[in-house]
Structure formats: C-alpha cells, structure tokens
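Counting from 755, one number per residue, gives the positions in the sequence shown under the working numbering.
Where is the CB? At the ideal position from N, CA and C, for every residue including glycine.
Note that the structure is predicted; figures quoted are calculated from it, not measured.
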Amino acid sequence: MIPGVENCVINLMETKPGEKFLIIAERTVDPVVVSAFEMVANTAGADVSTLWTRPFSPAGIDPDNPNDMVVQAFAAADDVVIMSWFPDIHSKKLPGNACKIYNNKPVSMYQLATYEVLSSPAATFPLPLMYEIMRKMRKETANAQIRITSESGTDLVVKAPSIEHTFGGIGVGMDEIGPLKRGVRAHFPPSTCGFVPVEADGVFVPDATVITGETTHPIRFTVEGGYITNIEGEWEAEAVRRFINGPGRDPAPKRLVECMWGLNPKARLTGANATFVEKERHAGVLHLGVATYQIDDNYNADALQKGTGVWVSHVDTYIQTPTMWFNGERMVDNRKLLLLEDPDLINFAKQIGDPEELLQPGQPMDNITC
C-alpha cells in the first residue's frame, strides 16, 4: 500500500516540508489507510493533522454539509486528502472552486481510500503517463459530438464543451494537468475525463447507480434537451426517482450534469471490496450524473462546473461496457479505450517501461485479490 500512498502524496501532491497537511476521514475509513498517509506526509516533512468526521450526506443532497469546523480546517490547510463523500465539491460551503478560494491542493478519495485500491496497480500507475493520456483524451473530447451505445439499450448523444471546460482526475482544461498546483483539485488515482454536457438527447440504461448499486432490473433514463424527462423501470427506478425528486426537492425534470469515463487500464472492476467509484476509473467505463436540483433556463455549464450559483449534487450512474463514437469515429469499443493504442502514447510509455504491460487492461496476477 505504501507505494500507492507515496504516488499520491509525493508525486501527485508534491507535498513539501512545512506544509500544513490535513486528512479529513469519515469514521468508516480504515485507520491503517489514514496512518499510511500520516506516515508518508510526516516523512515528507509536512505538519500533519487528521480530522475524523461523521459520514457526509450522499451525492451532496444536503448542501449544508460539512460543518463549519471542517470548512475552517480545510481553509487553513495547504494540502488536503479527503476520505469522505466529496465535501469539497458537493456542498455550498465547500463548492467546486473551494481550492481556488483557499489556494490549496485538495485530493478527493471517497471510496478510494482503501487498502485494496492503494495496493493495486491503479494507485502506482506512472503519473507522467496518466498526464499524457489525459491531455490526449481532452483534446479528442473538446467540442465533440459523442454517441454512446450499450447492449443494455443505451443510445445517447451528448455535445462536449470547449477544451477549457473539460475536466476529470486533475483540474480543468489543459494547463492544470500535471502535479497538483495550488488552486487545483484532483482525485486519486487521477483517472477520468469528463464534462458537463452542452446538449444531450436519447436514452441510457446504466448497470448501476450510486443509490441502488448494481441493478437487478433495467432503469431506462430518457434525456430530452439535456433534461431527464422519464425514468422507467421497477423498484430501483422508483428508488432513483424518489431520491432525485424527494421531499424538499423540485419535482421538475433534472439536468444531465456529468458525462465522464475512466482512463486507467489498471483500475479494478472486481475483487475484494471493489467500489463503485473505483470501477468508474477503469479505462472505457462510462459515468453519467443526474442532478438532484433544478437548474433554471439561464443554465451556465461554466458556473455549474466551478461551483458558483449552484452546488453540484447529483446521482452517479455507470455503464460498464459502452461503445462511444467521437464525431463519428469509434473511441471506445465495448469498454476498450482505443486511445490507449495511439502510437504516440505507446512511444511515450516506452520511456517508462513496457507499453504492453502499462497500457493493457488488467493487473499482474500477483496483485489480484480474491
């Protein structure tokens, strides 16, 4: 596990001696994982503090989370590792631009702060190679019309924004990709590319939602003009409807606010304690987010993305084996991310190690847990 933690603290966050290093951990997080981060950050010379908290509300459904003590601790820190339900973006108190407000370097690890994730090849994946994958993927994504299909019945077309509004894994646009800088937030492992759709029409049928887990009956979402106009299915569809349109929330159609897919060929899809968020990081797995709040007609994707005006609370869903076309060119083929076969990317990988080992999906047998 320690090499994975070092990849986060030393290589991604570039923690320096004397920096105030804060760990925010829900009480359900394994203390061994927290201790590993404390040890690595201490060894780097940081001034380390750990704040244990009660679990935060799922999907940012309660915008008043976290409490003021957490906000003040976040504001005072230089480096923050957040082992909870994204209070740094899915809340009004710490919106998506909180890292810019407080000029610090937060890393979100909800469902990723586990021994299994941190001891997997996804956590030790060479970051320079991941940065290169991110750059190429964001260039391909910018302004693209993307058609998404799946054997379960998905047929959805989304329009991506310009490159400065693409995000995922580390920051926004092109300039923020790389070792974490003040005013930029990241996930660890940093392994996604995504955006707030400018346009969206069609249907999607996810394999799982963060509310229901893996579905036992199909849930069919209809999207018209960027809004979810119908959710069909059995009890699981009803559970999602109730969560999105429940007490205190506007029953009007909600926006499709996130389209994002994994880039890390080593992220686990199965294995001991494999989590929803971990699976979303696997190369080619698609993540779609449905808002739990109402957006008015002056919807501004830039403001939404930066956390201004609204808080980005949403229900995550994922499609494990999608096929995706970017401007008519196949980019994902039944989950296989074809970008990983790019000759320039293969040549870049050769500077680090064996490209086939690095870029092929799956894990070495000695890293698989039963």
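What number of angstroms, rounded off, separates the C-alpha of Ile778 from the C-alpha of Val861?
Within the sequence shown, numbered from 1, the residue matching residue 778 stands at position 24. Within the sequence shown, numbered from 1, the residue matching residue 861 stands at position 107. In a straight line, the C-alpha of Ile778 is about 10 angstroms away from that of Val861.
Tell me, which residues are paired with Cys947 by DSSP?
Along the sequence shown, one-based indexing puts residue 947 at 193. The partner list for Cys947 (beta bridge, DSSP) reads Trp1015.
What is the C-beta distance between Val912 and Pro951, in whole angstroms, given that I count them as a contact (C-beta under 8 angstroms)?
As a working note, residue 912 is residue 158 in the sequence shown. As a working note, residue 951 is residue 197 in the sequence shown. Contact flag correct, Cβ pair sits at about 4 angstroms.
Hey, how far is the Cα of Val783 from the Cα of Gly937?
In the sequence shown, the residue the question calls residue 783 occupies position 29. In the sequence shown, the residue the question calls residue 937 occupies position 183. Those two C-alpha atoms are separated by around 26 angstroms.
Selected residue, minimal CA-CA separation from Pro933, among Cys762, Val824, Gln1114 and Leu1113
As a position in the sequence shown, residue 933 is number 179, starting the count at 1. It is Cys762 whose Cα lies nearest to the Cα of Pro933.
Among Met755, Glu1110 and Lys770, the one whose alpha carbon lies nearest that of Lys935:
The count along the sequence shown starts at 1 and reaches residue 935 at position 181. Ranking the options by Cα distance to Lys935, first place goes to Lys770.
7 angstroms Cβ shell around Pro1007 - same chain, five flanking residues per side excluded
Residue 1007 sits at position 253 when you count from the first residue of the sequence shown. Excluding residues within five positions, the ones whose Cβ falls inside 7 angstroms are Tyr981, Ile982 and Thr983.
Whether or not the segment 915–924 and the segment 1103–1117 are in contact is what I'm after, with contact meaning three or more pairs of Cβ atoms, one per stretch, closer than 8 angstroms; do they touch?
no
Mark Pro785 as exposed unless 16 or more other C-beta atoms lie within 10 angstroms of its C-beta, in which case mark it buried.
The residue given as residue 785 occupies position 31 in the sequence shown. Exposed is the call here.
Test item: CB-CB of Ile764 and Ala798 under 8 angstroms:
Mapped onto the sequence shown, residue 764 falls at position 10. Mapped onto the sequence shown, residue 798 falls at position 44. Cβ atoms of Ile764 and Ala798: closer than 8 angstroms.
Hey, how far is the Cα of Pro1005 from the Cα of Ile998?
In the sequence shown, counting from the first residue as 1, residue 1005 sits at position 251. In the sequence shown, counting from the first residue as 1, residue 998 sits at position 244. Straight-line Cα distance between these residues: approximately 8 angstroms.
Measure the alpha-carbon distance for Pro809 versus Pro820 and round it to whole angstroms.
In the sequence shown, the residue the question calls residue 809 occupies position 55. In the sequence shown, the residue the question calls residue 820 occupies position 66. Taking the straight line joining both Cα atoms gives about 9 angstroms.
Among Val794, Glu768 and Lys774, which one has its Cα closest to the Cα of Ile756?
For this step, residue 756 is matched to residue 2 along the sequence shown. Checked all of Val794, Glu768 and Lys774; the closest Cα to Ile756 is Val794.
If you check the beta carbons only, do Thr1075 and Thr963 fall under 8 angstroms apart?
Taking the sequence shown and counting its residues from 1, the one referred to as residue 1075 is at position 321. Taking the sequence shown and counting its residues from 1, the one referred to as residue 963 is at position 209. No, the Cβ-Cβ distance between Thr1075 and Thr963 is not below 8 angstroms.
Buried or exposed, going by whether 16 or more other CB atoms sit within 10 Å of the CB of Ala867?
The residue given as residue 867 occupies position 113 in the sequence shown. Buried is the call here.
What are the boundary residues of the alpha helix (DSSP H) that includes Lys1104?
Reading the sequence shown from its first residue, position 350 is the one you call residue 1104. Element bounds for Lys1104: Pro1097 to Lys1104.
Exposed or buried, which one is Ile855 when buried takes at least 16 other CB atoms within 10 Å?
For the purposes of this step, residue 855 is taken as the residue at position 101 of the sequence shown. Classification for Ile855: exposed.
For Ala914 and Asn1081, I'd like the C-alpha separation in whole angstroms.
Within the sequence shown, residue 914 is the residue found at index 160, counting from 1. Within the sequence shown, residue 1081 is the residue found at index 327, counting from 1. Each residue's alpha carbon lies about 11 angstroms from the other.
Straight-line CA distance for His1068 to Cys1013?
Position 314 of the sequence shown, counted from the first residue, corresponds to residue 1068. Position 259 of the sequence shown, counted from the first residue, corresponds to residue 1013. Cα to Cα, the separation comes out at about 12 angstroms.
Nearest candidate by alpha-carbon position, reference Glu870, set His1041, Thr976 and Asn1027:
Start at 1 with the first residue of the sequence shown, and residue 870 comes out as number 116. Of His1041, Thr976 and Asn1027, the residue nearest in Cα terms is Asn1027.
Considering only residues of the same chain and omitting the five flanking positions on each side of Arg1089, which have a CB-CB separation below 7 angstroms?
On the sequence shown, residue 1089 is found 335 positions in, with the first residue counted as 1. Correct list, in chain order: Gly1038, Val1039, Gln1074, Thr1075 and Pro1076.
If we count the other Cβ atoms within 10 Å of its Cβ and call it buried at 16 or more, is His939 buried or exposed?
To locate residue 939, count along the sequence shown from 1; it is residue 185. What sits at residue 939 in the sequence shown is Arg, not His. It is buried - the Cβ of Arg939 has at least 16 other Cβ atoms within 10 Å.
What is the residue span of the beta strand (DSSP E) that Asn984 lies within?
To locate residue 984, count along the sequence shown from 1; it is residue 230. Tyr981 to Glu986 is the span of the beta strand (DSSP E), which, as asked, contains Asn984.
Going by beta carbon distance, what residues of the same chain come within less than 7 angstroms of Ile985, once the five residues before and after it are set aside?
For the purposes of this step, residue 985 is taken as the residue at position 231 of the sequence shown. Closer than 7 angstroms at the Cβ level, and outside the excluded window around Ile985, lie Ile973, Phe975, Ala991, Val994 and Arg995.
Same chain only: Cβ atoms within 7 angstroms of Ala896, ignoring 5 sequence neighbours per side
Position 142 of the sequence shown, counted from the start, is the residue given in the question as residue 896. Closer than 7 angstroms at Cβ, skipping near neighbours: Ala914, Ser916, Ile917 and Thr920.
Mind pulling the beta strand (DSSP E) runs of 3 or more residues that sit fully within the segment 769–811?
774–780 and 801–807
Output yes or no for whether 8 angstroms exceeds the beta carbon distance between Leu776 and Ser803.
Indexing the sequence shown from 1 puts residue 776 at position 22. Indexing the sequence shown from 1 puts residue 803 at position 49. Cβ atoms of Leu776 and Ser803: closer than 8 angstroms.
Between the Cα of Ser874 and those of Thr1024, Ala827, Gly987 and Met1078, spot the shortest distance and give me the residue it belongs to.
Taking the first residue of the sequence shown as position 1, residue 874 is located at position 120. Comparing Cα-Cα distances from Ser874 to each of Thr1024, Ala827, Gly987 and Met1078, the minimum goes to Thr1024.
Using only the alpha-carbon positions, how far apart do Lys955 and Ile902 sit?
Looking up residue 955 in the sequence shown gives position 201. Looking up residue 902 in the sequence shown gives position 148. According to the sequence as given, residue 955 is Asp; it is not Lys. When rounded, the distance between both Cα atoms is 11 angstroms.
Apart from the five residues just before and just after Gly1016, which ones in its own chain have a Cβ nearer than 7 angstroms to its Cβ?
For the purposes of this step, residue 1016 is taken as the residue at position 262 of the sequence shown. For Gly1016, where only same-chain residues beyond five positions count, the Cβ hits under 7 angstroms are Ser945, Thr946, Glu1034, Arg1035, His1036, Ala1037, Gly1038 and Val1039.
Under the three-state reduction of DSSP, which class applies to Tyr864: helix, strand or coil?
Indexing the sequence shown from 1 puts residue 864 at position 110. In the structure shown, Tyr864 sits in coil (DSSP, three-state: anything other than H, G, I, E or B).
Of the residues Met884, Glu768, Phe828 and Asp832, which one's Cα is nearest the Cα of Arg849?
Mapped onto the sequence shown, residue 849 falls at position 95. Looking at the sequence shown, residue 849 is not Arg but Pro. The candidate whose alpha carbon is nearest that of Pro849 is Phe828.
DSSP on Ile973, reduced to helix/strand/coil?
In the sequence shown, residue 973 corresponds to position 219, counting from 1. In this structure, Ile973 counts as coil in the three-state DSSP scheme.
Using alpha carbons as the reference points, say which of Val1044, Pro1115, Glu978 and Ile924 lies closest to Glu953.
Here residue 953 corresponds to residue number 199 of the sequence shown, with the count starting at 1. Closest by alpha carbon: Glu978.
Measure the C-alpha to C-alpha separation of Glu818 and Lys847 and round it to an integer number of angstroms.
Counting from one through the sequence shown, the residue named residue 818 turns up at place 64. Counting from one through the sequence shown, the residue named residue 847 turns up at place 93. It is Asp, not Glu, that sits at residue 818 in the sequence shown. Those two C-alpha atoms are separated by around 7 angstroms.
Closest by C-alpha distance to Asp1098, when choosing among Ser838, Lys890 and Lys859
Numbered from its first residue, the sequence shown carries residue 1098 at position 344. Among Ser838, Lys890 and Lys859, the Cα nearest to that of Asp1098 belongs to Lys890.
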